[in-house]
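Worksheet: the structure to be examined is printed underneath.
In this note's numbering, the protein residues as written are 24 to 128.
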């Protein structure tokens, strides 16, 4: 099945992957606190839309906006986590993780 760019499940998948990436990068830095991702709230908001049989346009737009906001916040955290390694040094992530990060960016 082909998913369209407006599909909320595509955004949810990207958001969950960004959370996994934060979980991978955080222990390799010397940050004292882990960045907030609000993963439970974001998942709950996504499930509330998906469970509806025919969500109205307004509800669908709000849900997409919420997922985009969460994803944007997570991408900002990832950018700051990646700044920990100076330019030109290897980032301690597998190539496929970096590739997927570039895709969701």
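Every residue, glycine too, gets a C-beta built ideally from N, C-alpha and C.
### Query
Taking the alpha helix (DSSP H) that residue 59 falls in, what are its first and last residues?
Looking at the DSSP string, residue 59 is not in any alpha helix (DSSP H), and its letter there is neither H nor E.
Q. If you count every other CB in all the chains shown that lies within 10 Å of the CB of residue 35, and 16 or more means buried, which is it?
A. buried
Exercise for the section: Starting from the C-beta of residue 121, find all residues in its chain whose C-beta is less than 8 Å away, skip the five residues before and the five after it, and write them out in chain order. Expected result: 114
For residue 65, which of 39, 77, 128, 50 has the nearest alpha-carbon? 39
Practice problem: Count the other CB atoms, across all protein chains shown, that sit within 10 Å of the CB of residue 106; report buried if there are 16 or more and exposed otherwise. | Solution: exposed
Quick one: give me the first and last residue of the alpha helix (DSSP H) that residue 128 is part of.
Element bounds for residue 128: n/a, residue is neither H nor E.
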